[in-house]
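Numbering (the numbering used here), first residue to last: 198 to 385. Following: one structure in structure tokens, then a few remarks.
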């Protein structure tokens with residue numbers, strides 16, 4: 198029907214937080230909503246399935262992850278890039294860190310990872326596309342695709358697509374490869 202089911206409103210002064218709320222990031226799975234809430238630099242897990250009259254129970258929250266990008270979730274784990282130059286794998290049940298990987302530059306909100314098979318693809322603020330094993334966090338391969346920071350990653354038809362700060366779209370073939378990339382990289 199399109200009717201509003203619940204609203205999670207942090208704080209009493211909407212004007213104070215409106216820009217932060219707009220820039221806060223969210224992902225969801227199994228009736229839980231994961232929000233990186235910028236004004237508090239906290240990752241929240243909200244129990245959407247048990248929300249009642251705009252009272253949304255908070256399952257957990259943590260401030261362990263500084264200025265996070267938009268998170269994604271797969272098989273009970275949240276993957277996110279942060280301003281401290283780390284990519285994180287976070288347990289969706291309690292917010293604890295499973296692993297972290299040090300990249301070459303701080304991330305921003307436009308750097309959204311993607312998953313294909315057992316790989317998580319992180320776009321780097323250093324122009325590098327990082328591919329990590331999503332279970333262990335070990336580097337599968339990385340390649341420099343731009344001199345500018347990268348935007349969100351999209352995987353479709355066996356190809357990885359990513360944009361950069363110059364508004365170029367870049368593609369690399371074979372998204373599920375498990376060894377060093379020998380595929381051509383194309384800018385268009």
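A virtual CB, placed ideally from N, CA and C, is assigned to each residue, including glycine.
Cβ-based burial, residue i [other Cβ within 10 Å; buried from 16]
| i | result |
| --- | --- |
| residue 240 | buried |
| residue 277 | buried |
| residue 301 | exposed |
| residue 364 | exposed |
| residue 355 | exposed |
Residue i versus the options, residue with shortest Cα-Cα distance
| i | options | result |
| --- | --- | --- |
| residue 250 | 364, 278, 206 and 328 | 206 |
| residue 296 | 314, 274, 313 and 302 | 274 |
| residue 353 | 314, 201 and 363 | 314 |
| residue 202 | 246, 236 and 303 | 246 |
| residue 289 | 244, 299 and 329 | 244 |
| residue 265 | 228, 361 and 285 | 285 |
| residue 236 | 222, 228 and 229 | 222 |
Residues of its chain near residue i, where Cβ-Cβ distance is below 8 Å and the 5 sequence neighbours each way are ignored
| i | result |
| --- | --- |
| residue 350 | 309, 310, 311, 318, 319, 320, 326, 357, 358 and 359 |
| residue 204 | 251 |
| residue 263 | 238, 279, 280 and 281 |
For residue j and residue i, the rounded distance between their alpha carbons
| i | j | result |
| --- | --- | --- |
| residue 367 | residue 345 | 12 Å |
| residue 341 | residue 334 | 19 Å |
| residue 260 | residue 268 | 15 Å |
| residue 348 | residue 233 | 18 Å |
| residue 199 | residue 257 | 28 Å |
| residue 299 | residue 283 | 4 Å |
| residue 336 | residue 272 | 20 Å |
| residue 323 | residue 231 | 27 Å |
| residue 339 | residue 329 | 9 Å |
| residue 343 | residue 254 | 42 Å |
Presumed contact (8 Å Cβ cut-off) between residue i and residue j, rounded CB distance
| i | j | result |
| --- | --- | --- |
| residue 292 | residue 242 | 7 Å |
| residue 287 | residue 226 | So it is not a contact: roughly 13 Å between Cβ atoms. |
Residues near residue i by beta carbon distance below 6 Å, same chain, minus five either side
| i | result |
| --- | --- |
| residue 331 | 315 and 317 |
| residue 248 | 203 |
| residue 361 | 343, 345 and 347 |
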